[in-house]
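In what follows, a structure is listed as structure tokens, so that the remarks can point back to it.
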Ligand SMILES: Nc1nc2c(c(=O)[nH]1)N(C=O)[C@@H](CNc1ccc(C(=O)N[C@@H](CCC(=O)O)C(=O)O)cc1)CN2
Ligand SMILES: Nc1ncnc2c1ncn2[C@@H]1O[C@H](COP(=O)(O)OP(=O)(O)OP(=O)(O)O)[C@@H](O)[C@H]1O
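Residue numbers (the UniProt record's numbering): 1 to 180.
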């Protein structure tokens with residue numbers, strides 16, 4: 001089986017041409033469908049970096065509180081700070097912008113960015129383990145729904161797993177919605 005590093009590199013290469021190919025609107029349509037059963041719940045979105053698919057139009061229309069991830073430090077889970085369209089943003093670590101105001105949101109539904117995913121619902125991110133730690137912590141407190149969001153081209157055959165890898169509940173791409 002490929003190492004996580006090799007799987008990450010291969011998926012980056014597939015994500016690049018998918019980005020800017022006009023696939024975001026289809027992915028956003030499927031994301032709205034998938035989220036429709038969770039109306040009003042606190043939602044975690046993200047500000048896209050690099051060649052990630054863009055969830056912002058869906059976040060902007062959400063009828064409940066929306067937070068975006070904020071890195072506390074290496075080895076720490078993410079926090080989510082309240083985001084609204086047009087709110088003041090500042091540069092966060094690793095190039096993702098974060099809200100200037102630091103109002104915590106504890107999400108019950110998360111739109112999870114990723115580099116690669118597989119048919120079992122496992123994901124690979126940038127390698128910090130941030131979402132693994134965050135989902136582990138949230139799931140220990142109560143039910144949460146983790147929805148991976150990506151281009152269909154980011155699917156990998158079978159990702160290498162570590163015991164700390166947290167599975168997704170659903171995967172949304174430009175090709176549709178899969179529940180696990
Ligand atoms: N849009 C978005 N926001 C997010 C995440 C994400 O995956 N997507 N994160 C999800 O966790 C956190 C940011 N995590 C990140 C972690 C590493 C790198 C990164 O570029 N790493 C370098 C290596 C850096 C180093 O080791 O010095 C790399 O991959 O080349 C980027 C984001 C919080 N916000
Ligand atoms: N809950 C946890 N407790 C301790 N270590 C963890 C936990 N979750 C992940 N890790 C460690 O973090 C490291 C990076 O994990 P991994 O490569 O799976 O990150 P990733 O899923 O690519 O990144 P991210 O979740 O930030 O998008 C792993 O070596 C793993 O051991």
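Cβ coordinates follow ideal geometry from the N, Cα and C atoms, glycine included. Remember, predicted model here, so these are calculated numbers, not experimental data.
Can you tell me which of the three DSSP states residue 97 falls into?
-> Residue state, collapsed to three classes: strand.
heavy atom of ligand 1 below 6 Å from residue 107 C-beta = Not one heavy atom of ligand 1 sits closer than 6 Å to the Cβ of residue 107.
From 153, 180, 106, 161, residue whose alpha carbon lies closest to that of residue 173 = Taking only the C-alpha atoms, the option nearest residue 173 is 153.
How long is the line joining the alpha carbons of residue 120 and residue 44, rounded to whole angstroms?
-> In this structure, the alpha-carbon of residue 120 lies about 22 Å from that of residue 44.
Would you mind stating whether residue 181 and residue 170 have Cβ atoms separated by less than 7 Å?
-> Outside the modelled stretch of the chain, which goes from 1 to 180, sits residue 181, for which no answer is possible.
Sequence-distant residues of the same chain with beta carbon closer than 6 Å to residue 138, five excluded per side = Here the set comprises 144.
Chain B contact for residue 17 (CB, 7 Å cutoff) | Within the model displayed, chain B is absent; a lone protein chain is all it includes.
Is there at least one non-hydrogen atom of ligand 1 closer than 6 Å to the beta-carbon of residue 71?
-> Yes, the beta carbon of residue 71 sits closer than 6 Å to at least one heavy atom of ligand 1.
Separation of residue 10 from residue 51, as counted between CA atoms = One alpha carbon belongs to residue 51, the other to residue 10, and they sit about 14 Å apart.
In terms of residue numbering, what span does the beta strand (DSSP E) encompassing residue 11 cover?
-> Annotation for residue 11: no beta strand (DSSP E) segment contains it, though the alpha helix (DSSP H) segment containing it runs 4-18.
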